Each structure stands twice: as structure tokens, then as C-alpha cells.
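Beneath this line is the structure, given in C-alpha cells, with notes to follow.
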Amino acid sequence: MKIPDDDERQALERLLQAAREEAPPPELGERVLEKLAYRARLERIAVLPPRRSYRAAAWSLALLAAGVLLVVLTRKPGADAPIAAEQAASARKAAAAPAGAIASVPAQQSARLANDPCVGRAPGAGSQPLIDDFEDGDDEISPLEGRAGFWRWAREIDAPGTAPALIPVPRPDATRANRLAQHVKGGQLLDWGATVEFDFRPACYDASKYVGVSFQARGPGRVYVAPRERSVIPIAEGGSCEADCYNPHVAKIELESVWRTYQVRWSELRQRGIGKPALDARHLHSLAFLIRPEDTPYDVWLDDLRFLQR
Amino acid sequence: MPQTDLRLRAAVSNHVALVWRVLRRTGLGPADAEDASQDVFWVLAQRFEDVPERAQKSFLVSTALRVASDRKHSKWHRSVSAGLDVEARVSDAPLPDEALEIRRAGALLDEALATLEEFERSVFVLAELEQMTRAEVAEVLGIPEGTVASRLKRARESLEIAVRRLRSRSRAVR
């Protein structure tokens, strides 16, 4: 092995010294603490006892499932079958199958129903349209008509599930009545882009009493407004999608370098593909503002997000 | 603010720079290292009452090594991050100012560190860069002190060779 000379050793020592003195990004500690608080809030929400209406619905479902199980297990092939062909066939299958398999189908269905956050969820009344004007300075949406959720900002370099909380910042043109807004800014992205979004909690919100959303925004640039149905979100992420996921209804918004108010009606949203159905606003999982890689670098302000009333 | 929150805040304040440097020097890019820092402190927050204050540093360093290793080996990291921290790679292009010279030096060290085996790299980062004692390194990595010493010696030799080679390559293209 060649022994490095003094010059090489000094060069290495300089490199090591520079590495020892390397400082983390400014305010990293504060951002870490914000993130910890955000995660802690999510954990608390996850373990909150269900509201009385959910609890009643869950009991009803459990009783229903028990009834269905009892009927299936006690039914004899050929006995008193009003829908003769289908029930006879299913009875034959049941007779050939082990007892556990007989019970599994209704049990799975009832489990799915029990886990469905849309069950027992009352629709938004349609009279309190404000989603968030950010003036409270936190990362939670306004708790009106039972809505709950936390803003976050994710970009393709985030690890799954670690998107940081998004806290409002002062508007450049702040007034006494309108001080804060959401602001995201970033460089070139290459894969799927970035998103500013929140999930409704529980992960189902019925916004059918409204006809769309409105918001103020400032660019320049382009965003895609995407109220996401549960049906486009994978089951593992709280949705109900089993195939062709991540294909939300979107509307493209060309932003200007001054604040403008934009309105997007549910009927204006489109999914990728031909012959796709219109948005079903009864089962919203989340609301996102998407930034695609071709629209990066990006510098987007958002404010005064509301549902559109009829 | 609850007492635990204050203690957690103090832990973040005291150790965030250490955690970030360990994550960076064990191979994560700046953006990755920031996100991973959050993961590391989240792990501490979950086990806060189980980790005595005197053991926080060791706990955080060992968690940082594990988080960095998980990230580097995940499909997500390979497919997405690899192409993004372009500026962190050693560039042969002319440099306009001193700031970039410093950045290039950091990138050169990272490239040299990347040539080490992971078990040598961890020892080197903790002992040489973070200047932890052999006993501390041994505790964090769960290996005997003698093994720390031998790995450190091998790591230093390998690193000197790597730096020498990278510097001569850099000089050759100027």
C-alpha cells in the first residue's frame, strides 16, 4: 500500500475537519419539532373513541353480521328458497365447503362495512363552506360541519408517510383582515411532482351539498385541483381502490403572478381515461393541489379555500 | 407545555446537528437527511420514557444509522433519490467561488466514504468525524472495543487511498 505524503494527509484532515463542522440546515430543529407535534396529533386522532353515531352504527353492523351468520349457518339446502336457482347453488357450494369458509364471506363483508368510514357519516350541511382561510396560523382545516384534517406538503423526495406539516405564513400583501396563507416553493422535480393537501378525518366526507370549491391563488405556474374520492386511494392508505388507483378527478388551473380567485365545479373535474364517471362528492378522501414535474420549479400561494354553495 | 415536551425539545436542540451529520455522512442526501432526522426523533419520542437522558446520544446515533441504512436499501431511495441530489456528486466542472469549493470538498469526502464497507464507514463516522470514544462507538454498534479499533484502522487506510485517488482524478481533468 502506498503511504500518503504529508500533503495528502493534510488534505484529508481538512476534509474531515470541514465535515465535523458542517451545520444542519437552518431551523432544522424547529421543523423536526413541528413534525413530531403533527405526528402526535395524528396518533391522537387515530385512537380517539368513535363518536356516538359511529358507535351505534358499528353495533348495528355487528348485530346485522351476527344475524347473517346465523341464517347462513342454520340454513339447510333446498329448504324454503324463494330465489331457488341461486340459493340452491350457493347451498350446494356451502355444503361442499368447510364451515369456516361459509362464515368467511359475510364476515369479511361485515368487517369491510365496519371499517368503512363513510358508514353513518352525515353529509356536510352545505351552509358553512369555509374549508380554511389559514388565519388561525395552524395546519388544521377549519372544524366546520364535522370536517377535520391537517395540511401537509409532500414532494417526490419525501419518504412515504413522512410529509411535513404545512403551516401558514404571512402573505406578501398581508392586511389586518387577511394575514396568512399557505406557501410552497421548490426546485425541479423529476418523478411525480409535489402536492399540498389534507385528508378528511375520518377518511370520508360527503360534500354533495356543495357544487365545487373556490380558492385564492398566486403563481406564476400551474396547479391541478384534485378532490380525491376514496375510490382512487389504495385501501392501504385509507381508500377503497383495488386497481387503477391514483387517478383522481382534476381541474387544471393556470395561475398568474397576482392573487386571483378561482372556482372549480365538481362537474368540471375530469379523470384520466375515456368514459370515466363524474366525481362522486359523497365520498371524498382528501383534497389536493398537485404540482406536476413539468410545472417545476414552483412557487405557489393558496388562501381562502371554500366549498362552492349551490 | 408538558414536562415531556420540554425535555423532548431539549433533546432535539442538543442532538439534531449530530443526527443530521451522521445521516449525511452515512450516505443520505440533504433532503433525505432532513426527513430521516424527523424519523429518528420520532423514534425517540415514542420511547422517550425508556431512554435515560445520558443514553439519548447513543440511542439517537444508533437509530440514525438504522434509519439511514433502511433508506439506502429501500426501493424508494434507489429509484427516486439517486437522481435528485445531483449537486452533491463530485463535479469536474470549473468552480466559480469558494462556497462551491467547500461543497465540492464535502462531496469528495462523501464519495470517498461511499467506497468503504458499511461497517467500516459507521465506525469511521462516529469515531473520526463525531469524535466519539471507542467505548461509545462500541456501545452504539454493539461490538467490542478491539473491533472498533481494527475497523477504524482499516477504514482510515481505505479512505486515505480513496481521497488520494479522487483528488488525482480531479486534478487530471482540470
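Residue numbers (the numbering used here), protein chains in the order written: chain A, 50 to 359; chain B, 2 to 175. Here a beta-carbon is modelled for each residue, glycine too, at the ideal position from N, C-alpha and C. The structure displayed is predicted, hence computed values, not measured ones.
Excluding residues up to 5 positions away in sequence, Arg204, Ala243, Thr345, Pro346, Tyr347 lie with their Cβ nearer than 7 Å to the Cβ of Gly235 of chain A in the same chain. Annotated three-state conformation of Pro276 of chain A is strand, per DSSP.
Nearest CB-CB separation between Gln39 of chain B and chain A: below the 8 Å threshold. Taking C-alpha positions only, Gln358 of chain A is separated from Gly288 of chain A by approximately 26 Å. Listed in chain order, the alpha helix (DSSP H) runs fully inside the segment 120-152 of chain B are 135-142, counting runs of at least 4 residues.
Along the segment 338-355 of chain A, none of the residues has a CB nearer than 7 Å to a CB of chain B.
Restricting attention to A:Ala337, A:Ile216, A:Glu83, A:Gln177, the CA atom closest to the CA of Val272 of chain A is found in A:Ala337. Proximity of Ser14 of chain B to chain A, defined by a Cβ-Cβ separation below 8 Å, is satisfied. Pairing Ala128 of chain B with Leu153 of chain B gives a Cβ-Cβ distance under 8 Å. Ala300 of chain A and Pro75 of chain A have their C-alpha atoms some 36 Å from each other. Annotation for Phe338 of chain A: the continuous beta strand (DSSP E) segment containing it runs 333-340. Here Val44 of chain B has Thr64, Val68 as same chain residues with Cβ atoms under 8 Å from its own Cβ, once five neighbours each way along the sequence are excluded. In this structure, DSSP gives Gly261 of chain A an extended state, which the three-state scheme calls strand. Only those residues of the segment 64-80 of chain A whose C-beta falls short of 7 Å from the nearest C-beta of chain B are listed: Leu64, Leu65, Ala67, Ala68, Arg69, Glu71, Ala72, Pro73, Pro74, Leu77, Gly78.
The shortest C-alpha to C-alpha distance from Leu77 of chain A to any of B:Leu24, B:Arg26, B:Leu29, B:Glu35 is the one to B:Glu35. Proximity of chain A to Ala32 of chain B at the Cβ level (cut-off 9 Å) is accounted for by Arg204, Ile206, Asp207, in chain order.
A Cβ of chain A is located within less than 8 Å of the beta carbon of Glu161 of chain B. With respect to the C-alpha of Glu161 of chain B, the residue from B:Val141, B:Leu117, B:Ser123, B:Pro145 having the closest C-alpha is B:Leu117. Only buried fits Glu194 of chain A, as 16 or more other CB atoms lie within 10 angstroms of its CB. Between the beta-carbon of Arg355 of chain A and that of Asp255 of chain A there is about 17 Å, and that puts the pair past the 8 Å contact cut. Out of A:Tyr87, A:Ile323, A:Arg225, A:Asp293, the CA that lies nearest to the CA of Gly198 of chain A is found in A:Tyr87.
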